[in-house]
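Just so you know, we're using this note's numbering here: the sequence shown kicks off at 1 and counts up by one. Single-structure report; data block below.
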Amino acid sequence: MSAPDSKMNRISLAHLGALEREAFVDALTGIFEHSPWVAERAWAARPFSSLEALAQAMERSMWEADPKEQMTLIRAHPELAGRAAIAGELTPESTREQAGARLDACSPEEFARLQALNAAYNTRFGFPFILAVSGLDRTQIIARFEERLHNEVPAEFAEALSQIARIARLRLPQRVID
Numbered sequence: 001m002s003a004p005d006s007k008m009n010r011i012s013l014a015h016l017g018a019l020e021r022e023a024f025v026d027a028l029t030g031i032f033e034h035s036p037w038v039a040e041r042a043w044a045a046r047p048f049s050s051l052e053a054l055a056q057a058m059e060r061s062m063w064e065a066d067p068k069e070q071m072t073l074i075r076a077h078p079e080l081a082g083r084a085a086i087a088g089e090l091t092p093e094s095t096r097e098q099a100g101a102r103l104d105a106c107s108p109e110e111f112a113r114l115q116a117l118n119a120a121y122n123t124r125f126g127f128p129f130i131l132a133v134s135g136l137d138r139t140q141i142i143a144r145f146e147e148r149l150h151n152e153v154p155a156e157f158a159e160a161l162s163q164i165a166r167i168a169r170l171r172l173p174q175r176v177i178d
């Protein structure tokens with residue numbers, strides 16, 4: 001069994017697969033925002049033949065959850081450039097992602113627009129706007145925000161879950177070595 005990669009705080013897939021449930025869940029903390037139950041349910045699918053198999057098991061846990069659990073998962077995500085970011089209360093993963101998209105460097109106009117969009121979105125859908133921001137700039141993020149405000153609630157609920165799955169797929173290789 002290989003040891004965790006201490007230099008980057010990553011763990012090998014083989015080591016991860018050999019862990020007991022609690023340690024497995026702890027090792028995957030933050031992959032799904034404030035939602036350890038996703039990893040806990042995926043644990044039963046061990047061993048994983050690849051990082052892709054692990055990602056699929058975690059996504060299956062999310063998609064097979066009941067709608068109330070899914071809503072709780074969606075609501076566990078912070079607003080983009082929202083209250084948690086302002087207060088410095090984002091998870092390390094969300095902090096990196098939002099900073100990577102330069103949401104921490106918004107002009108006053110961009111910040112005001114994001115705040116207005118967050119409020120409008122929350123009013124319309126009852127949950128925060130979720131977008132995998134990796135590779136996007138602020139203009140693209142605002143455009144996606146504006147586009148998705150026109151979705152129907154069921155479509156946007158599904159889109160939020162799809163974005164969560166995409167975020168998890170981007171986070172997973174930062175934590176686990178295939």
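Where a beta carbon is used, it is the ideal one built from N, C-alpha and C, also for glycine.
Problem - Contacts around A76, its chain only, beta-carbon distance under 7 Å, and the 5 residues preceding and following it disregarded - result: E33, H34, S35
Practice task
Give a yes or no on whether the C-beta atoms belonging to I74 and A160 are separated by under 8 Å.
Solution key: yes
Handout entry: Coil, strand or helix - R10 by DSSP
Key = strand
Practice task
Return the first residue and the last residue of the alpha helix (DSSP H) that D104 is part of.
Solution key: Per DSSP, D104 belongs to no alpha helix (DSSP H) and is neither H nor E.
Handout entry: Euclidean distance between Cα positions of I11 and A158
Key = 31 Å
Problem - Span of the alpha helix (DSSP H), counted from its first residue to its last, around F145 - result: 138–148
Handout entry: Inter-residue spacing [alpha-carbon to alpha-carbon] between R175 and R148
Key = 30 Å
Problem - Enclosing alpha helix (DSSP H) for F157 [first to last residue] - result: 153–175
Practice task
Going by CA-CA distance only, name the one from E40, E79, E93 that's closest to L172.
Solution key: E93
Handout entry: Separation of E109 from E52, as counted between CA atoms
Key = Distance between the alpha carbons of E52 and E109: 40 Å.
Handout entry: Inter-residue Cα distance where the pair is S107 and Y121
Key = So the alpha carbons of these two residues sit roughly 21 Å apart.
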